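Residues in the sequence shown are numbered consecutively from 38, following the working numbering. All C-beta atoms, glycine included, are put in the ideal place defined by N, C-alpha and C. These figures come from a predicted structure and were not determined experimentally.
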Amino acid sequence: MKRIFSLMLVAVAAISMATADQLVVDCGNQAQISATPQTGYHFVRWNDDNTENPRVITPTADATYTAYFALNQYTIIFQNWDGAELQNEVLNHGDAVSYKGTTPTKPATTQYTYTFSGWSPNVVYTALDNATYVAQFDATVNKYTITFKNWDGSVLESKQWEYGETPSYTGTPTRPADAENTYTFTGWDKVISVVTGEEEYIAQYGSTTNSYTIVTNGENGVTTGDGTYLYGTNVTLTATPNACYRFVRWNDGDTNATRSVTVTGAATYTAIFEKVKYTITVQSDNDLQGSATITAYP
Numbered sequence: 038m039k040r041i042f043s044l045m046l047v048a049v050a051a052i053s054m055a056t057a058d059q060l061v062v063d064c065g066n067q068a069q070i071s072a073t074p075q076t077g078y079h080f081v082r083w084n085d086d087n088t089e090n091p092r093v094i095t096p097t098a099d100a101t102y103t104a105y106f107a108l109n110q111y112t113i114i115f116q117n118w119d120g121a122e123l124q125n126e127v128l129n130h131g132d133a134v135s136y137k138g139t140t141p142t143k144p145a146t147t148q149y150t151y152t153f154s155g156w157s158p159n160v161v162y163t164a165l166d167n168a169t170y171v172a173q174f175d176a177t178v179n180k181y182t183i184t185f186k187n188w189d190g191s192v193l194e195s196k197q198w199e200y201g202e203t204p205s206y207t208g209t210p211t212r213p214a215d216a217e218n219t220y221t222f223t224g225w226d227k228v229i230s231v232v233t234g235e236e237e238y239i240a241q242y243g244s245t246t247n248s249y250t251i252v253t254n255g256e257n258g259v260t261t262g263d264g265t266y267l268y269g270t271n272v273t274l275t276a277t278p279n280a281c282y283r284f285v286r287w288n289d290g291d292t293n294a295t296r297s298v299t300v301t302g303a304a305t306y307t308a309i310f311e312k313v314k315y316t317i318t319v320q321s322d323n324d325l326q327g328s329a330t331i332t333a334y335p
């Protein structure tokens, strides 16, 4: 045990012992001294505080020049994509290199969402030199919801499209006809453009005014006002009875022989006529003198 301990002490002494090199220099002559650091170290100075290396000396007496070395230190910097410093530390040669901050981020744009993917250059995880590492990001093209709506606000289609794509609607929107108009799709409320954000497009329609047929008729008389008219047109209807007939009313209850109606759809107006009847009374001016009678004539 004692022998092993003694050998260990000798080994430690050998490691820490300075290595010397000697040269005999004639008086008046010069010599060059050099200091060569080991890997991971750098020359600092000579014992007389001179920092030249190599160095030319002119001896004037016996002298010892001791070279002093120091362990290298390196500045390791981690930067974000925009150059903003995320971490800056000084490490000794051989120390472990690591990023200790939160995961770097890059703000999304209208076109892209960014995800941290690593560093450039690839991190050397042992400090061997000054180094700057810049955060790298993968870019994902953003998607936006594009909605196509009908005239009444109902959704025809709603789906996501990538930024920069030109959306489209498959098919042709329709709008039901109403009493007044028939509708034809003419396009959208705005020009369809490449996707830069969420957008809505609303179907637009041209309209054609509907036409309707008005029919008038009636037995024992003449009616006018028949024809095909545009929705909303005011039409005058007339009912003229034949001889010995009189106008009574129209089939909708109106009692005006001449009337104005507004066209809102196809309609038939029938004039109702009735036979004119007269009450004839005959009488005697004196019942004691005679009487008067009336009977139907063949």
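7 Å CB neighbourhood of residue i in its chain, flanking five on each side removed
{"i": "Y266", "result": "S248, Y249, I251, V272 and V300"}
{"i": "R283", "result": "F310, E311 and V313"}
{"i": "T88", "result": "R82"}
{"i": "G302", "result": "A216 and Y249"}
{"i": "H79", "result": "F106, A107 and N109"}
{"i": "T233", "result": "T147 and Y200"}
{"i": "L46", "result": "Because the pLDDT at L46 is just 25, under 50, the model does not fix this residue reliably, and the point stays unresolved."}
Bounding residues of the beta strand (DSSP E) (the contiguous stretch that carries residue i)
{"i": "I283", "result": "A quick correction: the sequence has Arg, not Ile, at residue 283. First-last of the beta strand (DSSP E) with R283: Y282 to W287."}
{"i": "A100", "result": "Looking at the DSSP string, A100 is not in any beta strand (DSSP E), and its letter there is neither H nor E."}
{"i": "K186", "result": "K180 to K186"}
{"i": "K196", "result": "V192 to E199"}
{"i": "T152", "result": "Y149 to S157"}
{"i": "V298", "result": "T295 to T299"}
{"i": "T305", "result": "A304 to K312"}
CA nearest to the CA of residue i, picked from the options
{"i": "D58", "options": "P278, N87, A100 and C64", "result": "A100"}
{"i": "S191", "options": "Y149, E237 and G302", "result": "E237"}
{"i": "T95", "options": "G224, T76, V81 and V61", "result": "V61"}
{"i": "A55", "options": "A98, T295, Y102 and Q67", "result": "Y102"}
{"i": "Y200", "options": "I183, L193, G255 and T270", "result": "I183"}
{"i": "A240", "options": "K180, H79, N187 and A107", "result": "N187"}
{"i": "D189", "options": "Y181, N179, P210 and S195", "result": "P210"}
{"i": "N147", "options": "S154, S157, N179 and N117", "result": "First, the amino acid is wrong: residue 147 is Thr here, not Asn. Per the Cα distances, N179."}
{"i": "I229", "options": "E202, Y242 and A216", "result": "E202"}
{"i": "A333", "options": "Q320, T316, L325 and S321", "result": "T316"}
{"i": "V160", "options": "Y242, Q197 and Q116", "result": "Q116"}
{"i": "G255", "options": "R286, Y242, T245 and G327", "result": "R286"}
Other residues of its chain near residue i: CB distance less than 8 Å, five sequence neighbours each side excluded
{"i": "I52", "result": "With a pLDDT of 38 at I52, under the threshold of 50, the modelled position of this residue cannot be trusted; read the value that follows with caution. Excluding residues within five positions, none has a Cβ falling inside 8 Å."}
{"i": "A133", "result": "Y162, T163 and A164"}
{"i": "N279", "result": "N257, G258, V259 and F310"}
{"i": "S297", "result": "N271, V272, T273 and L274"}
Sequence-distant residues of its chain with Cβ nearer than 6 Å to residue i (five each side left out)
{"i": "A168", "result": "I113"}
{"i": "Q110", "result": "V127 and N129"}
{"i": "T76", "result": "none"}
{"i": "S157", "result": "V171 and Q173"}
Proximity test, residue i beta-carbon vs the ligand ADP heavy atom, cut-off 7 Å
{"i": "Q116", "result": "Because no ligand of any kind appears in the structure shown, any question about the ligand ADP cannot be addressed here."}
| query | Fully enclosed by the stretch 210-292, which alpha helix (DSSP H) runs are 4 residues long or longer? | reply | Whole alpha helix (DSSP H) segments, 4+ residues: zero.
| task | Would you list, in sequence order, the uninterrupted beta strand (DSSP E) runs of no fewer than 3 residues that lie entirely inside the stretch 51-132? | result | 68-70, 78-83, 92-94, 104-108, 110-116 and 122-129
| request: Take every Cβ of the stretch 154-174, pair it with every Cβ of the stretch 203-216, and state whether three or more of those distances are shorter than 8 Å. | output: no
| query | Taking contact to mean at least 3 C-beta pairs separated by less than 8 Å, is the stretch 106-126 in contact with the stretch 135-150? | reply | With a cut-off of 8 Å on Cβ pairs, the stretch 106-126 is in contact with the stretch 135-150, counting three or more such pairs.
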